[in-house]
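Engineer:
Residue numbers (our numbering): 2 to 477.
Set out below in structure tokens:
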């Protein structure tokens, strides 16, 4: 596991020693029966010596990925090339030129030499869906390797004045543009979906004109929370800190409102600490310095809430994934492990701590029949949450919930918002679209806001969050 430390030290020392201080090259040289020494020649089959000497300096590990206090070579050596990651990769499935997660991770880490410092450009084709993590039988830290490699590629090899870099930086920092748009939400929503403006954004910025920009809420979640007067329940024994993320704040505050009402229904005191973006779009675009700045604020404020007896709840599975997995993998910040241990997805937490099934039975179900086509986001699957909505609502009167399979939606956050990736994004999502159209319901359901965008874009269906249905079913 490699983390970005405050002093941003290198992974290993200048001589390439590992954490125990051993020199892996010298160790191999001393134990390999075919090599007399690191500087000596190897005996040939005819009894002579090979004039080609093994140069140990050529095999010193280099700073392939951004510096950290741990070395990823150990994880890379756990890879035994079964290619489970490659066969699970949605990008590799539709793009024959993409070398796949195995190459992007362990092979790039293992095979670098001093004369070859560059990260392969194909790292920008990785969508950061993280399905490879779930597929690997050896627990190789694949997505961590990809994030590190992408970070180095962007920092050291991408032209900072290029259209691609500027576009990616805007997409990665969605919170900034959404905050500005929320000042004039109706004007911003109209302007960003105005035909000529969309055409211009594709030509100038590489943002596909086919995509409909999400509308901005006329009242953000945090504005609603303030006008409401904050928490309506005080209970120091049942306290949660809500990490609403960017999208539930600026675009779908109804999801955040549902979360608050449902948790208050169960007697929880809800806190809404100051927060910034989880960093998910920044990881996906290699903007690790930006992600770290946001993480510093989030860790400080959320750990403070944990100290007050709260667990951290996220309604977006990518946000919970970021706080639980990517933060401790990539950053060395005080309290970060504590945050990871106390972070949960919203529905997951209720299933653990409450008799959700009994409460739903007592509520009596819905007054009308409603059928849903449910898609589990890739980041939900990576947290073991792939069927939680189906399992929660399968016995609720008036609800039909159909799982549309384990395929990726294809949008992967900002990936599908890039003109050069749009067709691949839609091709990846084709299986999901077909399964949704074959399902009984014509309303989609998912925990991920960008998956919801893709589901609506590909089918025209209305999309809901499980918390919204839970609010209705409980009468919260």
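We put the beta carbon where it would ideally sit given N, CA and C, even for glycine.
(1) Tell me which same chain residues have a C-beta within less than 7 Å of the C-beta of residue 29, skipping the five on either side of it?
(2) Assess contact between the stretch 283–296 and the stretch 254–264, defined as three or more Cβ pairs (one per stretch) separated by less than 8 Å. Is contact present?
(3) Taking its Cβ as the centre, do 16 or more other Cβ atoms sit within 10 Å of residue 384, making it buried, or is it exposed?
(4) Residues in the same chain with beta-carbon distance under 6 Å from residue 375, minus the five sequence neighbours each way, listed in chain order, please.
(5) Count the other CB atoms within 10 Å of the CB of residue 335; is the residue buried (16 or more) or exposed (fewer)?
(6) State buried or exposed for residue 243, treating a residue as buried only when at least 16 other CB atoms are found within 10 Å of its CB.
(7) Tell me, which residues are paired with residue 314 by DSSP?
(8) For residue 90, count neighbouring Cβ atoms within 10 angstroms of its own Cβ and tell me buried if that reaches 16, exposed if not.
(9) Between residue 357 and residue 303, how many whole angstroms is the CB-CB distance? I'm expecting something under 8 Å.
(10) Distance, Cα to Cα, residue 188 vs residue 231?
(11) In terms of residue numbering, what span does the alpha helix (DSSP H) encompassing residue 437 cover?
(12) Bridge partners of residue 374, per DSSP?
(13) Compare the C-alpha of residue 351 against each of 178, 468, 451 and 476 and name the closest.
(14) What are the uninterrupted segments assigned as beta strand (DSSP E) that are 3 or more residues long and contained completely in the stretch 276–338, given in chain order?
(15) Compare the C-alpha of residue 224 against each of 241, 257, 198 and 206 and name the closest.
(16) Could you check which residue in 458, 137 and 395 has the C-alpha nearest to that of residue 470?
(17) Would you check if the distance between the CB atom of residue 344 and the CB atom of residue 319 is smaller than 8 Å?
(18) For residue 464, report the span of its beta strand (DSSP E) as first-last.
(19) Can you tell me whether residue 195 is buried or exposed, with buried defined as 16 or more other CB within 10 angstroms of its CB?
(20) On the DSSP bridge assignment, give the partners of residue 272 in chain order.
(21) Is DSSP giving residue 233 helix, strand or coil here?
(22) Which first and last residues belong to the alpha helix (DSSP H) in which residue 145 is found?
(23) Name the two residues that bound the continuous alpha helix (DSSP H) containing residue 394.
(24) In its own chain, which residues sit with a C-beta less than 6 Å from the C-beta of residue 93, not counting the 5 before and 5 after it?
(25) From the DSSP output, in three-state form, read off residue 253 for me.
(26) To the nearest angstrom, report how far apart residue 219 and residue 420 are at their CA atoms.
(27) Decide yes or no for the touch test of the stretch 140–153 against the stretch 74–84: beta carbon pairs closer than 8 Å, at least 3 of them.
(28) From which residue to which residue does the alpha helix (DSSP H) around residue 204 run?
(29) Helix, strand or coil for residue 210 per DSSP?
(30) So, using beta-carbon positions, are residue 172 and residue 460 closer together than 8 Å?
(31) Alpha carbon to alpha carbon, how far is residue 238 from residue 201?
(32) Return the residue from the list 151, 103, 269 and 110 that minimises the CA-CA distance to residue 124.
(33) Residue 108 to residue 193, Cα distance in whole Å?
(34) Go to residue 383, then tell me how far its alpha helix (DSSP H) extends in each direction, as first and last residue.
(35) Between 129, 329, 180 and 251, which lies nearest to residue 222 when the distance is taken from Cα to Cα?
Structural biologist: So, from the data block:
(1) What you label residue 29 is simply residue 28 of the chain shown in a count that begins at 1. Low confidence applies to residue 29: its pLDDT is 36, below 50, so where it sits in the model is not reliable enough to give any reading.
(2) no
(3) The residue labelled residue 384 in the question sits at position 383 within the chain shown. Counting Cβ neighbours within 10 Å, residue 384 comes out buried, since at least 16 surround it.
(4) As a first step, residue 375 is located in the chain shown; it is residue number 374 there, counting from the start. So the list reads 390, 391, 402, 404 and 446, once near-sequence residues are dropped.
(5) Your numbering for residue 335 matches position 334 in the chain shown. That one is exposed.
(6) Mapped onto the chain shown, residue 243 falls at position 242. That one is buried.
(7) If you number the chain shown from 1, residue 314 lands on position 313. Its beta-bridge partners are 243 and 345.
(8) Within the chain shown, the letter at position 89 stands for residue 90. Buried, by the Cβ-count rule.
(9) To locate residue 357, count along the chain shown from 1; it is residue 356. To locate residue 303, count along the chain shown from 1; it is residue 302. Between residue 303 and residue 357 the Cβ distance is about 24 Å, and since that is not below 8 Å, they are no contact.
(10) By 1-based counting over the chain shown, the position of residue 188 is 187. By 1-based counting over the chain shown, the position of residue 231 is 230. So the alpha carbons of these two residues sit roughly 29 Å apart.
(11) Reading the chain shown from its first residue, position 436 is the one you call residue 437. Counting along the chain, the alpha helix (DSSP H) containing residue 437 begins and ends at 423–439.
(12) Sequence index remark: in the chain shown, residue 374 carries index 373 (1-based). Answer by DSSP bridge pairing, in chain order: 403 and 445.
(13) Within the chain shown, numbered from 1, the residue matching residue 351 stands at position 350. It is 468.
(14) 311–315
(15) Position 223 of the chain shown holds residue 224. Selected option, being the one with the closest Cα: 257.
(16) As a first step, residue 470 must be located in the chain shown, where it is residue number 469. Cα-wise, what sits closest to residue 470 is 395.
(17) Position 343 of the chain shown, counting from 1, holds the residue named residue 344. Position 318 of the chain shown, counting from 1, holds the residue named residue 319. Not in contact: residue 344 and residue 319 (Cβ atoms no closer than 8 Å).
(18) Here residue 464 refers to the residue found at position 463 when the chain shown is read from its first residue. Segment 463–465, the beta strand (DSSP E) holding residue 464.
(19) In the chain shown, counting from the first residue as 1, residue 195 sits at position 194. It is exposed - the Cβ of residue 195 has fewer than 16 other Cβ atoms within 10 Å.
(20) For the purposes of this step, residue 272 is taken as residue 271 along the chain shown, with counting starting at 1. In the DSSP output, where bridge partners are listed per residue, residue 272 has 242.
(21) Numbered from 1 along the chain shown, position 232 holds the residue referred to as residue 233. In this structure, residue 233 counts as coil in the three-state DSSP scheme.
(22) Looking up residue 145 in the chain shown gives position 144. Here the alpha helix (DSSP H) through residue 145 covers 143–153.
(23) Position 393 of the chain shown, counted from the start, is the residue given in the question as residue 394. Run containing residue 394: 389–394, per the alpha helix (DSSP H) assignment.
(24) Position 92 of the chain shown, counted from the first residue, corresponds to residue 93. 87, 99 and 101, listed in sequence order.
(25) Locating residue 253 in the chain shown gives position 252, counting from the first residue. Coil.
(26) Taking the first residue of the chain shown as position 1, residue 219 is located at position 218. Taking the first residue of the chain shown as position 1, residue 420 is located at position 419. Approximately 29 Å between the Cα atoms of the pair.
(27) yes
(28) Translated into the one-based positions of the chain shown, residue 204 becomes position 203. Segment 196–206, the alpha helix (DSSP H) holding residue 204.
(29) Counted from its first residue, the chain shown places residue 210 at position 209. Coil.
(30) In the chain shown, residue 172 corresponds to position 171, counting from 1. In the chain shown, residue 460 corresponds to position 459, counting from 1. Against a cut-off of 8 Å, the Cβ pair of residue 460 and residue 172 comes out as no contact.
(31) For the purposes of this step, residue 238 is taken as the residue at position 237 of the chain shown. For the purposes of this step, residue 201 is taken as the residue at position 200 of the chain shown. Whole-angstrom Cα-Cα distance: 54 Å.
(32) Locating residue 124 in the chain shown gives position 123, where the first residue counts as 1. Measuring from the Cα of residue 124, the nearest candidate turns out to be 151.
(33) Your numbering for residue 108 matches position 107 in the chain shown. Your numbering for residue 193 matches position 192 in the chain shown. Each residue's alpha carbon lies about 42 Å from the other.
(34) Along the chain shown, read from residue 1 onward, the residue named residue 383 stands at position 382. From DSSP, residue 383 is part of no alpha helix (DSSP H); its letter is neither H nor E.
(35) Sequence index remark: in the chain shown, residue 222 carries index 221 (1-based). Here the closest residue by C-alpha is 251.
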